[in-house]
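**Q** Take a look at this one; I'll ask things after.
2 protein chains.
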Amino acid sequence: MNSSLEKKALDFCIKNKHRYTKPRESVLRIIASSNKPIKAYDVLKHLKKVLKNPKPPTAYRAIEFWEKYNFIHRIDSLNAYFVCEAEHLHSGSQFLICNQCGEVTESHICEIPKIIKKKIEKNIFSAKSWNLEVKGICSKCF
Amino acid sequence: MNSSLEKKALDFCIKNKHRYTKPRESVLRIIASSNKPIKAYDVLKHLKKVLKNPKPPTAYRAIEFWEKYNFIHRIDSLNAYFVCEAEHLHSGSQFLICNQCGEVTESHICEIPKIIKKKIEKNIFSAKSWNLEVKGICSKCF
DNA sequence: TATATAACGTTACATTTTATCGAATATTAT
DNA sequence: ATAATATTCGATAAAATGTAACGTTATATA
């Protein structure tokens with residue numbers, strides 16, 4: 027599928043001296059190949075086709091790695107992971123989650139980071155990262 | 027502590043013909059008494075002081091009940107529950123989570139519901155509920 | 001090559017959540 | 001009041017999710 031993503035990932039690893047290992051490569055491919063957020067244990071199931079007898083930590087470690095560097099995001103309300111669709115690095119994420127069909131799209135309402143930054147300026151809170159999950163019905167479902 | 031909340035909860039149950047049972051009463055009190063989001067199993071620990079040998083479903087059912095009617099919110103990124111500090115009913119929630127001291131405050135950035143509503147008008151997505159969790163450092167910690 | 005570091009494999013376990021089912025309690029209609 | 005109905009609970013069990021620990025392997029660096 028998204029082999030440009032894999033290239034980007036490989037480049038990233040080389041540039042930053044991280045290892046592009048088999049578990050990492052496979053896990054990223056599995057998550058990127060899913061059109062919906064995928065759960066850790068489902069990632070693990072797919073991993074079994076590629077690695078010999080992988081255990082939960084294998085999946086979780088690779089997930090954690092890619093999440094840390096923003097290649098994937100965790101959808102907290104679903105306990106699931108989704109490839110990042112943004113081109114730019116971002117410390118905040120936004121998702122629209124359809125309760126009907128389960129489709130999740132990463133949104134880019136640019137007012138939201140602005141508003142959060144405003145809070146910082148007021149010295150109320152120094153935001154490092156944030157996540158917005160909106161649930162409802164997508165345009166295809168109504 | 028917050029006995030006005032308990033009164034509000036009782037009134038709500040009477041008005042809507044829900045039962046204000048011992049598990050529900052206790053669980054709400056436990057969560058409201060905590061100054062930080064509290065996990066289900068910690069709720070359960072406290073429940074043991076009040077009920078005889080409660081099991082996980084007892085806690086989870088009461089949690090689910092109060093969450094459904096917006097008396098408490100689930101903080102997805104923490105797997106924890108927090109009493110709702112808003113007076114009004116709201117379909118969206120916002121939290122500022124301090125990575126240092128763990129303090130969580132419910133914020134009320136009113137631009138956010140406005141922005142989400144704007145999306146609806148554009149027919150992009152029909153939002154039913156939403157949740158924003160911002161992580162960083164609170165004003166007390168820096 | 002020696003050393004340090006990063007990542008992995010494996011085991012075992014901890015935590016969080018849910019399904020099921022019968023009993024108890026409350027509500028409603030008769 | 002009593003029967004029928006719906007709600008909630010108690011208890012058991014298990015599923016789903018996530019992590020600690022530890023020794024081994026692979027890679028990078030001196």
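Chains as they are written, first to last, in our numbering: chain G, 27 to 168; chain C, 27 to 168. Backbone N, C-alpha and C define an ideal beta-carbon position, used for all residues, glycine too.
#1: S119 of chain G versus chain C: which residues are under 9 Å apart at the beta carbon?
#2: Which full runs of the beta strand (DSSP E) of 3+ residues lie inside the segment 31-119 of chain C, going along the chain?
#3: Identify whether K148 of chain G lies in helix, strand or coil by the three-state DSSP scheme.
#4: Please confirm whether I57 of chain G and I89 of chain G have their CB atoms less than 9 Å apart.
#5: If you drop the 5 nearest sequence neighbours on each side, which residues of the same chain put their C-beta closer than 6 Å to that of W92 of chain G?
#6: For A153 of chain G versus V160 of chain C, is the C-beta spacing smaller than 9 Å?
#7: When burial is assigned at 16 or more other CB atoms within 10 Å of the CB, is I126 of chain C buried or exposed?
#8: For I167 of chain G, which three-state DSSP category applies?
#9: Can you give the Cα-Cα distance for S165 of chain G and K78 of chain C, rounded to whole angstroms?
#10: Taking Cβ positions only, does L54 of chain C come closer than 9 Å to chain G?
#11: Per DSSP, what kind of secondary structure is I141 of chain G in: helix, strand or coil?
#12: What residues are listed by DSSP as bridge partners for C124 of chain C?
#13: Beta-carbon separation of F151 of chain C and G162 of chain G under 9 Å?
#14: Could you pull out every residue in the same chain whose Cβ sits closer than 6 Å to the Cβ of N157 of chain C, ignoring the five residues on either side in sequence?
#15: Looking at F121 of chain C: is its Cβ nearer than 9 Å to the Cβ of E137 of chain C?
#16: What's the call for I64 of chain C, buried or exposed, on a 16-neighbour Cβ count within 10 Å?
**A** Taking the structure as given:
#1: Position 93 of the first sequence holds residue 119 of chain G. Simply none; closest approach about 10 Å.
#2: The segment 31-119 of chain C contains, as complete beta strand (DSSP E) runs of 3+ residues, the segments 98-101 and 106-109 (chain order).
#3: Numbered from its first residue, the first sequence carries residue 148 of chain G at position 122. If DSSP states are grouped into helix, strand and coil, K148 of chain G belongs with coil.
#4: If you number the first sequence from 1, residue 57 of chain G lands on position 31. If you number the first sequence from 1, residue 89 of chain G lands on position 63. Taking 9 Å as the Cβ cut-off, I57 of chain G and I89 of chain G qualify as a contacting pair.
#5: What you label residue 92 of chain G is simply residue 66 of the first sequence in a count that begins at 1. Cβ neighbours of W92 of chain G beyond the five flanking positions: L54 and I98.
#6: The count along the first sequence starts at 1 and reaches residue 153 of chain G at position 127. The count along the second sequence starts at 1 and reaches residue 160 of chain C at position 134. Yes.
#7: In the second sequence, residue 126 of chain C corresponds to position 100, counting from 1. The amino acid occupying residue 126 of chain C in the given sequence is Gln; Ile does not appear at that position. The residue in question, Q126 of chain C, is exposed, as its Cβ has fewer than 16 Cβ neighbours within 10 Å.
#8: The count along the first sequence starts at 1 and reaches residue 167 of chain G at position 141. According to the sequence provided, residue 167 of chain G is Cys. The question's Ile does not apply to it. C167 of chain G carries a helical assignment under DSSP once its states are collapsed to helix, strand and coil.
#9: On the first sequence, residue 165 of chain G is found 139 positions in, with the first residue counted as 1. On the second sequence, residue 78 of chain C is found 52 positions in, with the first residue counted as 1. Distance between the alpha carbons of S165 of chain G and K78 of chain C is about 49 Å.
#10: By 1-based counting over the second sequence, the position of residue 54 of chain C is 28. At a cut-off of 9 Å between C-beta atoms, L54 of chain C does not count as an interface residue with respect to chain G.
#11: For the purposes of this step, residue 141 of chain G is taken as residue 115 along the first sequence, with counting starting at 1. The answer is helix: DSSP assigns I141 of chain G an H, G or I state.
#12: Residue mapping note: residue 124 of chain C aligns to position 98 of the second sequence, counting from 1. Answer is C:G162, bridged to C124 of chain C.
#13: The count along the second sequence starts at 1 and reaches residue 151 of chain C at position 125. The count along the first sequence starts at 1 and reaches residue 162 of chain G at position 136. The answer is yes: Cβ separation under 9 Å.
#14: In the second sequence, residue 157 of chain C corresponds to position 131, counting from 1. Excluding sequence neighbours, N157 of chain C sits near S119.
#15: Reading the second sequence from its first residue, position 95 is the one you call residue 121 of chain C. Reading the second sequence from its first residue, position 111 is the one you call residue 137 of chain C. No, they are not a contact pair.
#16: Translated into the one-based positions of the second sequence, residue 64 of chain C becomes position 38. Buried: at least 16 other Cβ atoms inside 10 Å.
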